[in-house]
Structures are given as structure tokens and as C-alpha cells.
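A.B. asks: Can you keep this structure in mind? I'll have questions shortly.
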Amino acid sequence: MLGICRPGRAGGGERRLGFMRVLAAMSGGVDSAVAAARAVDAGHEVVGVHLALSRMPGTLRTGSRGCCTIEDSMDAQRAANVLGIPYYVWDFSERFKADVVDDFIAEYAAGRTPNPCMRCNERIKFAALLDKALELGFDAVCTGHYATVVIDENGDRELHRSAAWAKDQSYVLGVLTADQLAHSMFPLGATPSKAEVRAEAAARGLGVAAKPDSHDICFISDGDTRGWLAERVDLQPGAIVDRDGAVVGQHEGSQSYTVGQRRGLGLSVPAPDGRPRFVLEVKTRTNEVVVGPKEALATAEIGGSRFTWAGRPPADPATPFDCEVQIRAHADPVPAVAVVMNGELVVTPSVPLDGVAPGQTAVIYVGTRVLGQCTIDRTVSAVPA
Amino acid sequence: MRYYLDHAATTPMIPQVLEAYTAALAGVGNPSSIHSHGQRAKQVLEESRERVAASLNCDPVEVIFTSGGTEAINAALKGLWWARNTDRPRPVIAVPPGEHHATTDTVEWLETHERARILDLPVDADGRIEPEGMRAALAGVGPASGPDASSSDDVALASVIWANNEVGTVQPIAELAAIARERGVPIHSDAVGAFGSVPVDFRASGLDALSVSAHKIGGPVGIGALVLGRSTTVVPLLHGGGQQRRIRSGTQDVAAAVAFAVAAELAVGGLKQHAIELAALRDRLVAGVHEIAPDAVLRGSVTDRLPGNAHFTFPGCEGDSLLFLLDMAGVSVSTGSACTAGVSELSHVLLGMGVPEREARGALRFSLGSTSTDADVDALLAALPAALTRARAAGHSDRPR
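Residue numbers (this note's numbering), protein chains in the order written: chain A, 1 to 385; chain B, 1001 to 1401.
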């Protein structure tokens, strides 16, 4: 029996060295099940918790989409049974709607391109869930993310890429702060490949060993993000313009375009040089979509006022420092120089970046270590108009 | 050591019931068969039906065995609806808020698929249906004057729960049934939570139909009964071999009927003494909870209440957090409301009683039964202070700020 009802906050009371009360967040997938299993093996007292994120959960999983159906919850419970740990479902559907889904819609409505998985990590898994877990007597939250927490010589926590480069999820954890990292466990970080995790799941008798990976945005069950947004964002027809402001076409709603998009523009005026044009900017205030040549997509500088450090910050962030910047979950990192200036994290990549849109997150690394991140507010084109 | 304070969800099978059940399972013979094996099975089945009927004070032919409470309620509500809408349309179903989901979801289904109109029967802050409110509501759908002024012929049926499964309020069933009868409206009662805890007398109640379930009284899961007055007509849900007045086709479960009969006799036989003891234990629990949490609100009626029920709302925390923490401390309790895939829903019973949403989130139900002892109450009262401290610290952190 867990001694969770002992008075005092987690961390008090007598315990074995290195032994913790761990909440294993279990989605019903193979990664979180194996992560929980490893936490059990490490001698921690583990409780499995499935997060109910949808108010109207579907009954059955369809293909690789979604992760919040009743079937997924049952998969998580069966995995917990195999591991011999208690299992509960915690309802975060209202928080998830307010902090992730509504935020996603609002960001799109403002012409930005948000990453809802990062928001979920920032506001649900490592905020609402972690806060509740700590208050209810846990010491840490364990997830199946592929990332590594390293303790440096001073005992401070650092977030690093996982050993499995192809599965590395340190990018979506870039929003974690020192305090959050101090209560996070990622037991899969040192595993070289997903195949190994699946093999381990099979060896442990976990029924989810061969379950398909989930893709796409979990709350858009049919994968049609554009159609889903069109039902929720007030779209008004307007003009598509070139960089000089000349009208080259019409759109049905500027918010349904994303920076870097080429297809589906339906331009009526051909480019003078006949070359394809891309969305360079979405101006929701004037309801205009700006298009131009591919090279104009190249971004020489990005800036964001909402930035965080993943653990120990740089000694002097006001002095430019070398790093690498990554702007999508599976983009390659690019050498860059970063500096905090006028309350903004400004990142200058050594070579221009393609397809950067406001609302995206720029995560900066030093080697394998995640240093911090910012939500991109503004970009500077490498090719002035 | 684990402590079970969730007898309203299901209660342990009584040893004599288990013995009779397993002995009966060994028998062979379909009660519908003509040969001696069949006749023997039929004899055991009908003896069981007679014993269940005696426990509920109805005729044996009025007992229709079902798979449980949910099926009985569906058979009653849909069956009455269809029967009452065969000769002319009677579009209204009279039902209070805060019924069990077996009722509310069936009525909603009839609303969606059969264009039923729901007439809300008003409840007070304790969840008690007000007889005068029911009379006024039914009178509202009848002709205002003329020879039919006393009839509410547009009302297909009424259904009221005998004792609320969450907050434990016991309804004045006979009074409500008399009003329905006055207005010419057939009335059903869900007595699943009441049977075995308070006297349930079908004949004295004046009801047309009543539903009960075996596993709430120490019998097995998988059998219940619809008590249907001999003069009441329903259209059957299940078609097939024509068993049980052609109302419930399907091979009858002799062993489960035997177990149900034993459980029903034991429940009714010792009811008076059992209820007194249970209420005393429950009152100790309530006093103990109030000592620990003076701001906890006992929901439901104080006087007309199931003897084993104690339902509270605890301000400033989620019932789910308390449930989790108490479970970790070895005490099994419930938030009282239905749950979907492990998540308790916000109680429609409390909302129907006018409890604000935020208060309703702190709901927790403790329910006692035949195996409950002082040790169960002691364990709860020992674990509750620390659980409350932690749950209040977590507050409503899983809700939007």
C-alpha cells in the first residue's frame, strides 16, 4: 500500500535512497507502458494514470489517429494490470480544451502556426498533471517521451536528446523549466531505437507491443486539420497579394493558410518569371495572404518574447552565444547565435531557415542539451522585398 | 487490509446465496422442456419466482426475471411507451431529474427516436419529489375542464426512483403512485437501490411496474426482475420463445433465480433489524465526517434516507482526488455518480437538486451493507483527514483557471 496519505508534501517522511512515488502517465501506447515498466523495475512505487483529454471520447481507435479513445484507456489499464500497478483515469478534458484546443484555434485565428503537443506538455502534462500529482503525494511524473534527463556536477538537471535520434522528442519537451525537470522521468531516453522498446514490450507480455504509433493531432480525429479549423474559425474572403501589395488572387479566409504553403493558392495573376509562389505571410489584421518566390521564405532571424530555459540558463544571455536552433519536431538543427535583447530571445541561424511561421517554437540546443525555447513572434526574411 | 464502503455499487454475495446458487448450477434442464428434466427445472424456477413475489408482495405471475435492473427499466419504460402509443399518440413521459442513467438515457432515447416529450417532475433541494408539484405538472397536460378534466391522457407513463442511488433520498412512492393513478397515468418505479434497505411492497405501493436487481441485495450479478401488474400491458423488448407472459423471451436462468430468491428472502426477513443497525453505523460515520470536516455538506434527505447511505460534498476539492487518496489508503468509496471509462461525471442528481457545479465536484458517497462493521468506519475516519488535506491542496487544478 502506498503511504501517500502521510501528512506533509512529497519528499517528506522516511524513504529508501533514490526511491520515489512515481505517477506513470499512460496513454495506452507502447512507449508509456514500457516507461512505466522500467520505473517499476527501478524500484519506484508506481501508479498508472491515464489522462482523459476528450470530453466525448470515441469508443474505438481508428488507424493511427487519436490517442484518447476508450479503447486506448483500456489498453493503458491492461498494461497497468500486467505491471501489477494501480491504475486510474484523471479527467483533464476541461483544462485540455481551454489550454490546448482553444489555444490552437486562437493561434490559427491570429494567423500563427501553433504546436498543440508542446502546449499540452507545457500546460497539461508537466503543469496541471504534475501539480496535481505533487499535491496528491507523488514525487515525479514518468512519461514515454524519448529524451534524457542528465544531472550535472552541481546536481542541476539538464534535458538532452534521446539516444534514438529518429525518435528524439526533446524538441516537444523544450518548454520544460528547471522545476518541471526536477519532477520528470523519461525512462526511454537511453534506448537506441523504438524497435527495442517494442521487443521489450513483447517480452514483458504487454498487449500493446505491436500497437501502431499515433500521428497527427490527437483531437482532430479524422486528420483533416484544415476542415476542422474551418468549422471553428470565422473565415472571410479576401485578397492574396504579392510582396509589393499587388492583388494576385482571392482567398476564402486568410487563417486557413500557413507560411510555406504552395498548393491550393489558385492565383489568377501569374508570377512575372513564371516560377511557383509560396505563402510568405498571413496578415489576419488586414485579412491578406502574402505570396512570393521560394527564396523569400528564407528566414535570417527569429524573435520571441515568450521564452524559457530548460534548467540552468546561460551565464550571460545578454551576450550573444553559440547554439543550434530547431524549429520543428523533426527538422535538422542549424548552427545559430542567440541573445536575449529587449525582453526577446533573438536567434540568428548561420544559414537561413525555410518555412518558419510565427507561432512555431524555436528550441535551442548546445550539443545534445536543450537550452531553452521561445514561441516565434516575428521573423526577418533573408531576402528583403 | 482493504475496507469496502461502496455497497451501493454492488454488495458481497451472502454465503447462503452462494451455496444455493452453486448447488442449483449443477442441475440440468431447460424449464421450457416438456420432459422430466425440464419439469424439474421449471419447478425450481417457479418456486423461486414465488419466493421473490412473496418478498415483494406481488403475484408470482407479475415477476418477470430479467438480466438485471437496466433491462427491467428498459422493458418497463419502452414497453409502456409503445403500448400506450398503439391506439393513439400519448407523447409525454413524466420523470424527475436525477433518476438513474438506466431511466434518463432510456427516456432520452425515446425523446430522440420516438419523439417523446419529457415532463419534468420537480424535486426539492434534498432530491425529494414534491407530490403537489407532481400533481400540478400532470394537471398541466390534461384538459382544463370538461368530463376528462381529471385525466392526463397525453402522458404515456411516469417513472420515479424509489430511493435515489446517489444521495439516498427515499421518495413517498405510494403518494406519487396515487397521484398518477388519479390522472390515469401508468407509473413505474426503479426500486433497485431501495429493495432490501426499505420496505418495498408492490401491492401497497399502487405502482403499475417496478424494477429490482439481485446483486444489490447479496444475490448474483446477472438477474433482476420487472414486476409488472397483471393488468398492465407492455410491448416486449425481446422476441423469441415467448417465455414469461411473452414479455421476456429467452431461456430462463434457473440457478440465478434460486440465488435471487434466497437473497430476497434474507433481505426482507431481516430488513427491520438490519436497517436499524446500518443506520446507527451510518450515523456514526456521518458524525465522524462532520467532526473532521465541519464544512462537508450531507446531501439528500436527513429523515427519508436509505439506512446505508452517506453522501457528502466536500468544498474546495474534487471528489475524484479524495476517492484516489482513500483508495491508496485502502478504503474503497465512490463519487456516487456514473462514470465513463474511469472518469466520474458531474452528478446530474446533484445538479437536479440545484447544487452548484463547483460544489457538486466535491461529491463522495459512502455506502454500507451487510458486511459493514465499525472497523470500516474507523478506517475511513482514520484516512480522511490526510486525504482531505491533500485533495484540498490539489483543489480544482484539473479544471480551467
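We put the beta carbon where it would ideally sit given N, CA and C, even for glycine.
With DSSP run on the structure shown, which of helix, strand or coil describes Glu1099(B)?
C.D. replies: Three-state DSSP puts Glu1099(B) in coil, outside helix and strand.
A.B. asks: If you pair each beta-carbon of the segment 1249 to 1261 of chain B with each one of the segment 1209 to 1225 of chain B, do three or more pairs fall below 8 Å?
C.D. replies: Verdict: yes, contact present.
A.B. asks: Counting Cβ pairs, one atom from each stretch, are 3 or more of them under 8 Å apart for the segment 88 to 97 of chain A and the segment 340 to 348 of chain A?
C.D. replies: Output reads no: the segment 340 to 348 of chain A does not touch the segment 88 to 97 of chain A.
A.B. asks: State the DSSP-derived secondary structure class of Trp1162(B), mapped to helix, strand or coil.
C.D. replies: Three-state DSSP puts Trp1162(B) in coil, outside helix and strand.
A.B. asks: Return no unless some Cβ of chain B is closer than 8 Å to the Cβ of Arg262(A).
C.D. replies: No, its Cβ sits nowhere closer than 8 Å to a Cβ of chain B.
A.B. asks: What distance in whole Å lies between the Cβ atoms of Thr1010(B) and His1215(B), which are believed to be in contact at a cut-off of 8 Å?
C.D. replies: Contact flag correct, Cβ pair sits at about 5 Å.
A.B. asks: Using Cβ-Cβ distances below 9 Å, what residues of the segment 1312 to 1335 of chain B are close to chain A?
C.D. replies: Listed in sequence order: Glu1318, Asp1320, Ser1321, Leu1323, Phe1324, Leu1325, Leu1326, Asp1327, Met1328, Ala1329 and Gly1330.
A.B. asks: By the DSSP assignment, the beta strand (DSSP E) with Met74(A) in it spans what residues?
C.D. replies: Looking at the DSSP string, Met74(A) is not in any beta strand (DSSP E); the run it does join, the alpha helix (DSSP H), is Ile70 to Leu83.
A.B. asks: Nearest to Ser1231(B) by alpha carbon, out of Leu1207(B), Glu1166(B), Leu1384(B) and Leu1266(B)?
C.D. replies: The shortest C-alpha separation from Ser1231(B) is found at Leu1207(B).
A.B. asks: Which residue wins for smallest C-alpha separation from Cys323(A), given the options His330(A), Gly304(A), Ala329(A) and Val346(A)?
C.D. replies: The option with the nearest alpha carbon to Cys323(A) is Val346(A).
A.B. asks: Just to confirm the assignment: which complete beta strand (DSSP E) runs, minimum length 3, are found wholly within the segment 124 to 165 of chain A?
C.D. replies: Those beta strand (DSSP E) runs which fall completely within the segment 124 to 165 of chain A and span 3+ residues are 140 to 142, 147 to 151 and 157 to 161.
A.B. asks: Between which two residues does the alpha helix (DSSP H) holding Ser93(A) run?
C.D. replies: First-last of the alpha helix (DSSP H) with Ser93(A): Ser93 to Phe96.
A.B. asks: Please state whether DSSP places Glu1265(B) in a helix, a strand or coil.
C.D. replies: In this structure, Glu1265(B) counts as helix in the three-state DSSP scheme.
A.B. asks: At the 8 Å Cβ level, is Val175(A) part of the contact set with chain B, yes or no?
C.D. replies: Not an interface residue.
A.B. asks: In terms of residue numbering, what span does the beta strand (DSSP E) encompassing Ser1213(B) cover?
C.D. replies: Residues Ala1209 to Ser1213.
A.B. asks: Please check if any C-beta of chain B sits within less than 8 Å of the C-beta of Trp90(A).
C.D. replies: True, the Cβ-Cβ gap to chain B drops below 8 Å.
A.B. asks: Do Asn1074(B) and Thr1104(B) have their beta-carbon atoms positioned less than 8 Å apart in this structure?
C.D. replies: No, they are not a contact pair.
A.B. asks: Taking Cβ positions only, does Pro1400(B) come closer than 8 Å to chain A?
C.D. replies: Yes, its Cβ sits closer than 8 Å to a Cβ of chain A.
A.B. asks: Are the C-beta atoms of Glu135(A) and some chain B residue less than 8 Å apart?
C.D. replies: Yes, because at least one Cβ of chain B sits closer than 8 Å to the Cβ of Glu135(A).
A.B. asks: So that I know if they touch, is there some Cβ in chain B lying closer than 8 Å to that of Asp131(A)?
C.D. replies: By this cut-off, Asp131(A) is an interface position.
A.B. asks: Check the Cβ of Val1221(B) against every Cβ in chain A and list those closer than 7 Å, keeping chain order.
C.D. replies: Here the premise fails: no neighbours, minimum Cβ distance about 20 Å.
A.B. asks: Does any residue of chain B have a CB that is nearer than 8 Å to the CB of Pro114(A)?
C.D. replies: Not an interface residue.
A.B. asks: Looking only at C-alpha atoms, which of Asp1376(B), Arg1399(B), Asp1124(B) and Arg1390(B) sits nearest to Met1001(B)?
C.D. replies: Out of Asp1376(B), Arg1399(B), Asp1124(B) and Arg1390(B), Asp1376(B) has the C-alpha closest to the C-alpha of Met1001(B).
A.B. asks: Alpha carbon to alpha carbon, how far is Ser170(A) from Gly367(A)? Give it in angstroms, no decimals.
C.D. replies: The straight-line gap from Cα to Cα measures roughly 12 Å.
A.B. asks: Please return the same chain residues whose Cβ sits closer than 6 Å to the Cβ of Gln360(A), not counting the five positions on each side in sequence.
C.D. replies: So the qualifying residues of the chain are Thr113, Ile327 and Ile376.
A.B. asks: Would you call the CB atoms of Ile1179(B) and Trp1162(B) closer than 8 Å?
C.D. replies: No, they are not a contact pair.
A.B. asks: Sort out for me which residues DSSP pairs Ala1341(B) with in a bridge.
C.D. replies: Answer is none; Ala1341(B) lacks a bridge partner.
A.B. asks: Can you find the residues in the same chain that come closer than 6 Å, C-beta to C-beta, to Gly1079(B), ignoring five residues on each side of it along the sequence?
C.D. replies: The answer, listed in chain order, is Val1234 and Val1235.
A.B. asks: Return the chain-ordered list of same chain residues with a C-beta closer than 8 Å to the C-beta of Glu1345(B), the five sequence neighbours on each side being excluded.
C.D. replies: The answer, listed in chain order, is Ser1337, Ala1338 and Cys1339.
A.B. asks: Please report how far the alpha carbon of Gly292(A) lies from the alpha carbon of Ser73(A), in whole angstroms.
C.D. replies: Spanning the two alpha carbons is a distance of roughly 47 Å.
A.B. asks: List the residues of chain B that His251(A) touches, going by C-beta distances under 9 Å, in chain order.
C.D. replies: Residues of chain B passing the Cβ test: none, with the nearest at roughly 33 Å.
A.B. asks: Would His44(A) pass as an interface residue toward chain B - the criterion being a Cβ-Cβ separation below 8 Å?
C.D. replies: No, its Cβ sits nowhere closer than 8 Å to a Cβ of chain B.
A.B. asks: Taking the straight line between their C-alpha atoms, what separation do you get for Phe19(A) and Ile85(A)?
C.D. replies: Each residue's Cα considered, the two are about 16 Å apart.
A.B. asks: Using three-state DSSP, classify Leu1119(B) as helix, strand or coil.
C.D. replies: In the structure shown, Leu1119(B) sits in a strand (DSSP, three-state: E or B).
A.B. asks: Please classify Pro349(A) as buried or exposed, where buried requires at least 16 neighbouring CB atoms within 10 angstroms.
C.D. replies: Counting Cβ neighbours within 10 Å, Pro349(A) comes out buried, since at least 16 surround it.
A.B. asks: Please list the partners that Gly1288(B) has in chain A, where partner means a Cβ-to-Cβ separation under 7 Å.
C.D. replies: What Gly1288(B) touches in chain A: nothing, since even the nearest Cβ is about 16 Å away.
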